[in-house]
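K.L.:
Here it is, the structure in full.
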Amino acid sequence: MATIEEARSLLAAGDFAGSVQLFGELLEQNPNESDLMSGFYAASYWQNRQTLLETVPIGSQPGSYLIEEWRKFEKLLVAKNLSITESVNSAMRSVLSYASRQFRHRFQERTINKSDLDVLLQLSKNLLRLSEYRNARDLLGFAMHLDNHRSSTLMLLGESRVQIGLRENDNFEVDKGYSNIRDSFLLHPAPLLLDDYTSKPAVDIIEQMKRQIGADSIETITNWLPAEWMAAVLNRPNLRRLSSDEILQIEDESNRLEQDLPNMADRFIEKASSRLCYFSLVLLHSLVHHYDNSVRQSELIELINQLRPGLIRL
């Protein structure tokens, strides 16, 4: 007797005809099971579009067009009141594997450019959702070649590396990922939407803050996430060593914020305070692990305790 796991496995492998058959058999026994209905529809839909997966339409960009086709498919699911289930994720795994291969080929052929960046990032987010961390990391490496100062690219790259490192017990990879995440937060305080984070400690911090102050406090959680995250990794010594120029730049920005805070309008205080707290934690990490300035270290600890009491215990 067929199982849903077998049907999903065939779907993920791109055997749409075989998957249609198994989902059909399972639906006969459980006609109202939502995952089976979604899986059968997904398998049938992509079986009828097998040529689209294997042959790039004239005038379309390899890789990019498949992401758009997947968006169309998800909209159809919603229109038909079908759920995005684990079986749908199996179909996504298959379709995105085609898209990933096409992007890899384009990178080798040097035909990838900055106009592909948004699509690459969307593909990478979907791969992270599927726990395809190595594939996501490789594609984000391509994205970094296109623009290595985009905070969302750095964040997603960091997330993929942390996930790989935690899965494989590889602290070197974890620290590379944490370094990317720290640098991403330096570029922008909110590189991703809260729901797009996948790695620890970010997801744990977000969930804890939702419980403490309410899930609808999106702005406050977003503002304080970088500082809370930096405090959580403060004891990890092997993050990338910041250069003296980077340290000076962060110090300058911190001094500006600290001077502006007393005269700042109330509506800006939380955002500025949380940003100053994050910068202070980054500087403190560097002084604890990479540089030596005990006076400045004490000043930073005092400032952090004023901005966010109880955040650190040194």
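Just so we're aligned, residue 1 is where the sequence shown starts under my numbering, counting upward by one. All C-beta atoms, glycine included, are put in the ideal place defined by N, C-alpha and C. Note that this is a predicted model, so its numbers are computed, not measured.
Can you give, in chain order, each stretch of the alpha helix (DSSP H) that sits fully within the stretch 148-236 and has at least 4 residues?
P.N.:
151-168, 171-187, 202-213, 218-232, all fully within the stretch 148-236.
K.L.:
Thinking C-alpha only, which one of 121, 232, 9 is nearest residue 282?
P.N.:
Of the candidates 121, 232, 9, the one whose C-alpha sits nearest the C-alpha of residue 282 is 232.
K.L.:
Taking the alpha-carbon positions, what's the residue 191 to residue 130 distance?
P.N.:
Approximately 21 Å between the Cα atoms of the pair.
K.L.:
From 258, 175, 245, 23, pick the residue whose C-alpha is nearest to that of residue 88; which is it?
P.N.:
Ranking 258, 175, 245, 23 by Cα distance to residue 88 puts 23 first.
K.L.:
Using 10 angstroms around the beta-carbon of residue 116, count the other beta-carbons present and answer buried if the total reaches 16, otherwise exposed.
P.N.:
Counting Cβ neighbours within 10 Å, residue 116 comes out buried, since at least 16 surround it.
K.L.:
Let me know the secondary structure DSSP gives residue 256 once reduced to three states.
P.N.:
If DSSP states are grouped into helix, strand and coil, residue 256 belongs with the helices.
K.L.:
Put residue 61 into one of helix, strand or coil per three-state DSSP.
P.N.:
In the structure shown, residue 61 sits in coil (DSSP, three-state: anything other than H, G, I, E or B).
K.L.:
Could you tell me whether the stretch 35-49 touches the stretch 84-102, where touching means 3 or more Cβ pairs closer than 8 Å?
P.N.:
Segments in contact, yes.
K.L.:
Express the C-alpha separation of residue 275 and residue 209 in angstroms, rounding to a whole number.
P.N.:
Whole-angstrom Cα-Cα distance: 17 Å.
K.L.:
In three-state terms, what does DSSP make of residue 125?
P.N.:
Correct three-state label for residue 125: helix.
K.L.:
State buried or exposed for residue 266, treating a residue as buried only when at least 16 other CB atoms are found within 10 Å of its CB.
P.N.:
It is exposed - the Cβ of residue 266 has fewer than 16 other Cβ atoms within 10 Å.
K.L.:
Note down, in chain order, each residue of its chain lying with its Cβ closer than 7 Å to the Cβ of residue 236, except the 5 sequence neighbours on either side.
P.N.:
Excluding positions up to five away in sequence, the list reads 175, 178.
K.L.:
Counting C-beta neighbours from all protein chains within 10 Å, is the total for residue 119 16 or more, i.e. buried, or is it exposed?
P.N.:
Burial call: buried.
K.L.:
Is it right to say residue 346 is buried, meaning 16 or more other beta carbons lie within 10 angstroms of its own, or is it exposed?
P.N.:
Any property of residue 346 remains undetermined from this structure, which presents the chain solely from 1 to 314.
K.L.:
Is the number of C-beta pairs between the stretch 96-113 and the stretch 147-157 that are closer than 8 Å three or more?
P.N.:
Result no; under three Cβ-Cβ pairs closer than 8 Å.
K.L.:
From this set, 26, 213, 125, 284, which residue's C-alpha is nearest residue 305's C-alpha?
P.N.:
That would be 284, whose Cα lies nearest to the Cα of residue 305.
K.L.:
Less than 7 Å between C-beta atoms, sequence neighbours within five positions excluded: which residues of the same chain meet that for residue 121?
P.N.:
Here the set comprises 143, 152, 153, 156.
K.L.:
If distances are taken between C-alpha atoms only, which option among 2, 54, 55 comes closest to residue 30?
P.N.:
Residue 30 has its Cα closest to that of 2, out of 2, 54, 55.
K.L.:
So the candidates are 73, 91, 71; which of them puts its Cα closest to the Cα of residue 15?
P.N.:
Per the Cα distances, 91.
K.L.:
Ends of the alpha helix (DSSP H) at residue 51?
P.N.:
Segment 50-54, the alpha helix (DSSP H) holding residue 51.
K.L.:
Look at the alpha carbon of residue 81 and the alpha carbon of residue 234, and state the distance between them as a whole number of angstroms.
P.N.:
Their Cα atoms are separated by approximately 46 Å.
K.L.:
In three-state DSSP terms, what is residue 375?
P.N.:
No answer is possible for residue 375: the residues shown for the chain start at 1 and end at 314.
K.L.:
With C-beta atoms as the reference, is residue 273 less than 8 Å away from residue 300?
P.N.:
Against a cut-off of 8 Å, the Cβ pair of residue 300 and residue 273 comes out as no contact.
K.L.:
Which residues in the same chain have their Cβ closer than 6 Å to the Cβ of residue 8, if we skip the five residues on either side of it in sequence?
P.N.:
If we look at residue 8 and ignore the five residues flanking it on each side, its Cβ neighbours are 87, 90.
K.L.:
Tell me the DSSP secondary structure of residue 75 in three-state form.
P.N.:
Of the three classes helix, strand and coil, the one that applies to residue 75 here is helix, per DSSP.
K.L.:
Determine the direct distance from the alpha carbon of residue 165 to that of residue 171, and round the result to whole angstroms.
P.N.:
Rounded to whole angstroms, residue 171 to residue 165 spans 6 Å at the Cα level.
K.L.:
Starting from residue 6, follow the alpha helix (DSSP H) in both directions and report where the run begins and ends.
P.N.:
It spans 4-12 - the alpha helix (DSSP H) in which residue 6 sits, taken as one unbroken run.
K.L.:
For residue 80, does the three-state DSSP call read helix, strand or coil?
P.N.:
In this structure, residue 80 counts as coil in the three-state DSSP scheme.
K.L.:
Would you check if the distance between the CB atom of residue 158 and the CB atom of residue 126 is smaller than 8 Å?
P.N.:
No, the pair does not count as a contact, with Cβ atoms beyond the cut-off.
K.L.:
With DSSP run on the structure shown, which of helix, strand or coil describes residue 242?
P.N.:
Looking at residue 242 - three-state DSSP - the assignment turns out to be coil, as it is neither helix nor strand.
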